[in-house]
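Student: Sending over a structure as structure tokens; questions will come in a sec.
In the numbering used here, the protein residues as written are 17 to 254.
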């Protein structure tokens, strides 16, 4: 009876594992495999130590260490050769809007957080409506005004700049004030990188964003400053 119960339990566990495997993202599977291999290695090491198989443990370490070093070096080379991730996006959070910056196309869109258009995306609003939101932000929150100004310049261009008493004139009113210091989490969101991003990946994300959102390329001083600040928070002067 115990044997039957163990078989049923093993089959149920295998079924749950297969269900997770089919639904999980490749990144999650690789992480699980890494932790599983680490746990197995720890168990084997404990067993060898408990049975005093020191010679075998020493030989296993000599065999595995070079392979681990090679695997890490190969992984870093593959990540560098892979280049930018398709569809990667960054996020800048302000009081009035949470703005997304597409690394590939340079397009911008955002979710309105405050005001009469709260809950809508900027792409759903007309130029007049975004301009009204911009004027509200201009009076209440400089960081929001800077981000909305960048959106209007990028996505509405000539139509925005041609409006009387707005465009360039209003841009001067927004000033060049930054939105205050940012955390490491905010910096990763701005650059569109994860917590485990390498130094090279952070630098690559910074370069891609600066090519898209530098003032000389149709971006804004505010966005360029935030992108640079995000890199400094994560890497310092490196």
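Backbone N, C-alpha and C fix where the C-beta goes; we use that ideal spot for every residue, glycine too.
Should the stretch 108 to 125 be called in touch with the stretch 226 to 236, which here means at least 3 C-beta pairs below 8 Å?
Tutor: yes
Student: Going by CA-CA distance only, name the one from 169, 212, 211 that's closest to residue 239.
Tutor: Out of 169, 212, 211, 169 has the C-alpha closest to the C-alpha of residue 239.
Student: Work out the CA separation of residue 59 and residue 162 for me, nearest whole Å.
Tutor: If you draw a straight line from the Cα of residue 162 to the Cα of residue 59, it is about 55 Å long.
Student: Take the Cβ of residue 206 as the centre, count every other Cβ of all protein chains shown within 10 Å, and call the residue buried at 16 or more, exposed below.
Tutor: buried
Student: With a 10 Å radius around its C-beta and 16 neighbouring C-beta atoms as the bar for buried, classify residue 158 as buried or exposed.
Tutor: buried
Student: Identify the residues that DSSP records as bridge partners of residue 108: which are they?
Tutor: 115
Student: If contacts are defined as beta-carbon pairs under 8 Å, then residue 128 and residue 136 qualify, I think. What distance do you get, rounded to the angstrom?
Tutor: 5 Å
Student: Which whole runs of the alpha helix (DSSP H) in the stretch 136 to 175 are 4 residues long or more, in chain order?
Tutor: 143 to 156, 158 to 171
Student: Compute the minimum distance between the beta carbon of residue 250 and the heavy atoms of the ligand NAP, and state whether it is under 6 Å.
Tutor: Among the ligands in the structure shown, none appear at all, so the ligand NAP cannot be discussed.
Student: So for residue 125, helix, strand or coil by DSSP?
Tutor: strand
Student: Leaving aside the five residues before and after residue 130 along the sequence, list all residues of the same chain whose C-beta is less than 7 Å from its C-beta, in chain order.
Tutor: The beta carbon of residue 130 lies closer than 7 Å to those of 111, 112 in the same chain, with the five residues before and after it left out.
Student: Let me confirm a value: residue 208 is counted as buried when at least 16 other C-beta atoms fall within 10 Å, else exposed. Which label applies?
Tutor: buried
Student: Could you check what DSSP says for residue 58 in three-state terms: helix, strand or coil?
Tutor: In the displayed model, residue 58 falls within a helix according to three-state DSSP.
Student: Classify residue 54 as buried or exposed, calling it buried when 16 or more other Cβ atoms lie within 10 Å of its own Cβ.
Tutor: Burial call: exposed.
Student: State the Cα-Cα distance for the pair residue 105 and residue 57, rounded to the nearest angstrom.
Tutor: 37 Å
Student: With burial defined as no fewer than 16 other Cβ atoms inside 10 Å of the residue's Cβ, what is the status of residue 98: buried or exposed?
Tutor: Per-residue confidence for residue 98 stands at a pLDDT of 47, beneath the threshold of 50, marking its modelled position as unreliable; the derived number appears in the next sentence. Exposure of residue 98 is indicated by the presence of fewer than 16 other C-beta atoms within 10 angstroms of its C-beta.
Student: Output needed for residue 233: all residues of its chain with C-beta closer than 7 Å, excluding positions within five of it in sequence on either side, in chain order.
Tutor: 227
Student: Please look up how many angstroms separate the CB atoms of residue 150 and residue 165, rounded, as I've assumed it's under 8 Å.
Tutor: 7 Å
Student: From residue 250 to residue 220, what distance separates their C-alpha atoms?
Tutor: 13 Å
Student: For residue 198, does the three-state DSSP call read helix, strand or coil?
Tutor: coil
Student: Express the C-alpha separation of residue 241 and residue 198 in angstroms, rounding to a whole number.
Tutor: Cα to Cα, the separation comes out at about 12 Å.
Student: Using DSSP with H/G/I as helix, E/B as strand and the rest coil, what is residue 217?
Tutor: helix
Student: If you check the beta carbons only, do residue 246 and residue 213 fall under 7 Å apart?
Tutor: no
Student: I need the straight-line Cα distance from residue 252 to residue 78, nearest angstrom please.
Tutor: 37 Å
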